[in-house]
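Worksheet: one structure, shown below.
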Amino acid sequence: MPTNKDSLLFLTIILGTVILLAFAFFIVLFIFLFRQKQLKNESEKQALQETYQRELLQSQIEIQNQTLQQIGQELHDNIGQLLTVVVMRLNALADEVVEPDSQQSVQQTRDLVRTVINDVRTLSKTLDYDTVQRFGLLPSLTLELERIERTGQIHTQLITSGEEYALGHQTEIVLLRMAQESINNALKHAHARSLIVSVAYHPDSFRLTVADDGSGFAIEDVNARPLEQAGAGLNNLHRRAGLLGGTCTIVSKPGEGTHIQIQLPRNRIS
Amino acid sequence: MNWLSVYLGTVVITLIIGIVVRKCHAEAIQWLIYLLAYILVSESVGYYLRTHQLNNEFLFYIYQPIEYIFLCYLYAAHFDNGGARFWTKVVGWVFVLFCTGFSIWAWYDSQLKEEPTLIIIIEWILVFPLILYYFYELYQSNKIVKLGKQPLFWISVGNFLFYAGTFFLMGLKEELAKVNSQLAEDLFLINTFLNILLYTFWSIGFLCLRIKIRYFS
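Residue numbers (the numbering used here), protein chains in the order written: chain A, 550 to 819; chain B, 2 to 218.
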């Protein structure tokens with residue numbers, strides 16, 4: 550027979566345990582709910598940050614487009630017109646000059662100026678946002694590569710694969726600017742002789758690759774540069790690819806050229 | 002095993018940890034080091050008096066208001082709400098005034114030889130809103146915080162379990178003493194375990210900024 554003392558002790562132990570467990574459960578529940586709320590807060594904060602970054606990129610692109618468009622228009626309307634006048638003056642000069650040597654010289658100068666006029670027109674087109682918007686990424690890239698090819702400094706090639714699909718004007722202009730930046734790097738820093746741009750439309754992803762046979766560089770050295778020597782180009786490529794919802798992979802070694810690949814998953818393409 | 006020695010050892014270890022890592026913490030957390038030092042002195046004196054068959058109940062009359070005012074300032078320093086900060090301090094000082102008045106009355110009534118149960122119970126009742134409001138503010142906050150790296154969170158968990166446990170034990174002890182006083186005394190040993198638990202959590206609170214905590218999402 551359990552005594553009064555035993556049952557009281559038993560009851561006390563049970564009650565005490567239940568109460569302590571209840572309080573411990575409260576703490577565990579609090580931690581669980583707090584963690585859930587924190588995760589929600591974190592994802593909201595991240596979404597806000599992404600939106601902010603997108604808006605920032607959008608503004609940067611708009612400013613860049615406006616600036617490039619203005620430069621393009623100035624080149625087309627002002628420089629282009631002046632060069633046309635120069636051709637007309639050269640035509641007049643060709644009629645006045647009688648010596649065959651001088652005539653040939655005027656003719657060569659006139660051809661040269663015509664080439665410059667063509668180059669300026671092509672350049673103004675690739676700088677013009679409306680051209681990219683009207684004709685799309687592939688024609689704009691073709692135009693850009695033709696313009697570079699004409700300089701005679703580098704051999705270019707555009708390789709496309711897959712069935713072309715719409716990427717959205719905003720995405721296409723960002724991709725074109727990224728390609729232009731990569732090409733510019735190949736010309737300015739790598740002194741490349743050959744440049745291959747590949748555009749691949751896969752069913753689940755889009756891939757743009759810019760490969761050159763230039764001097765290349767050690768990525769870790771570039772990343773380790775102090776602030777005053779650090780360039781923004783490579784970071785910009787990564788940042789822009791990230792904001793488009795994709796990735797940018799840069800592979801390079803000294804003496805082995807550079808391979809830049811921008812990949813966008815199809816479901817993130819707007 | 003002498004659990005009282007283990008308890009005092011825990012206080013000493015917590016105090017040492019607190020002193021060693023004090024620079025990692027905000028000023029309000031650093032105040033706990035003074036409270037711990039006071040607890041150590043108070044408990045040691047209490048232990049000495051008890052073993053020499055002398056009255057040590059008067060220590061509670063001093064200890065409870067000091068402990069509560071420390072806790073009030075600790076929590077007030079962490080509250081975001083200005084009103085909550087103000088009222089926490091006001092309630093703290095009102096409690097100190099009440100304890101002073103009660104002690105004067107107890108001096109004339111029993112020369113402070115009786116345990117100040119009323120002061121202890123009121124303090125414990127007043128501590129809970131501080132802890133719960135801290136949890137509430139922590140939960141409501143939109144800041145991204147790592148819970149494991151919040152010293153006051155660990156200190157509050159310790160306080161919460163300790164005050165909840167001892168509040169229950171205190172009431173039970175009163176009731177048990179009417180039936181079996183020896184059992185009531187034996188059962189009060191749980192209070193020592195709760196004290197050990199409390200200061201263990203305080204130690205975690207002091208150390209949490211120094212140790213690596215893995216988070217699972």
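Backbone N, C-alpha and C define an ideal beta-carbon position, used for all residues, glycine too.
These numbers were taken from a predicted model, which means no experiment stands behind them.
The beta carbon of A:T664 sits no closer than 8 Å to any beta carbon of chain B. Contact annotation for B:I145 against chain A: Q587, N590, E591 and K594 [CB-CB distance below 7 Å, chain order]. Here B:H53 is exposed. Its C-beta has fewer than 16 other C-beta atoms within 10 Å.
For the pair A:N733 and A:I768, the Cα-to-Cα distance works out to about 18 Å. In the displayed model, A:I703 falls within coil according to three-state DSSP, outside both helix and strand. Rounded to the nearest whole angstrom, the CA to CA distance from A:Q602 to B:L139 is 29 Å. Check the Cα spacing between A:L582 and each of B:I205, B:F207, B:F136 and B:F194: the tightest is with B:F136. Of the residues assessed, A:Q702 falls on the exposed side of the cut-off, its CB having fewer than 16 other CB atoms within 10 angstroms.
Residue state for A:V655 is assigned as helix, using DSSP reduced to three classes. Exclusion of the five residues before and after B:T167 leaves W125, N192 and L195 as the residues of its chain whose Cβ lies within less than 8 Å of its Cβ. Per DSSP, reduced to three states, the secondary structure at A:R756 is strand. At a C-beta separation below 9 Å, B:G166 has these neighbours in chain A: G565, I568, L569 and F572.
According to the DSSP assignment, B:A77 belongs to the alpha helix (DSSP H) that extends over F59 to H79. For B:L60 and B:L37, the gap between their C-alpha atoms comes out near 15 Å.
Put simply, the CB of B:F136 is near chain A, with a gap under 8 Å to one of its CB atoms.
At least 8 Å separates the beta-carbon of B:L148 from that of A:I576. Residue contact check for B:L127 against chain A: no CB pair falls below 8 Å. If you look at B:L113, you'll find it isn't in any alpha helix (DSSP H); DSSP assigns it neither H nor E. In the three-state reduction of the DSSP assignment, A:Q810 falls in the strand class, which pools E and B.
Counting every other CB atom within 10 Å of its CB across the protein chains shown gives A:D770 a total below 16, marking it as exposed. With respect to A:G711, A:H751 sits close: the two C-beta atoms are nearer than 8 Å.
Between the region 685-699 of chain A and the region 646-661 of chain A there are fewer than three inter-stretch CB-CB distances shorter than 8 Å, so the stretches are not counted as touching. Against B:F169, the close residues of chain A are L564, G565, I568 and L569, in the order they occur along the chain (beta-carbon pairs closer than 9 Å). Interface criterion not met: the Cβ of A:F559 is under 8 Å from no Cβ in chain B. The residues G765, F766, A767, I768, T807 and H808, in chain order, have a CB closer than 8 Å to that of A:S801 in the same chain once the five nearest residues on each side in sequence are set aside. Judged by pairs of C-beta atoms under 8 Å, the region 592-611 of chain A does not touch the region 632-651 of chain A, as fewer than three such pairs exist. At a beta-carbon threshold of 7 Å, the residues of chain A lying near B:F161 are F572 and I576, ordered along the chain. Annotation: B:P130 to B:G83 spans about 16 Å, alpha carbon to alpha carbon. The way I'd put it, the region 705-720 of chain A does touch the region 743-761 of chain A; three or more beta-carbon pairs between them come closer than 8 Å.
For a Cβ distance threshold of 8 Å, residue set Y140 of chain B lies close to A:L582, ordered along the chain. Nearest neighbour of B:L98 by Cα position, chosen from B:T201, B:Y62, B:L170 and B:L173, turns out to be B:Y62.
Contact of A:F579 with chain B is assigned, a C-beta pair being separated by under 8 Å.
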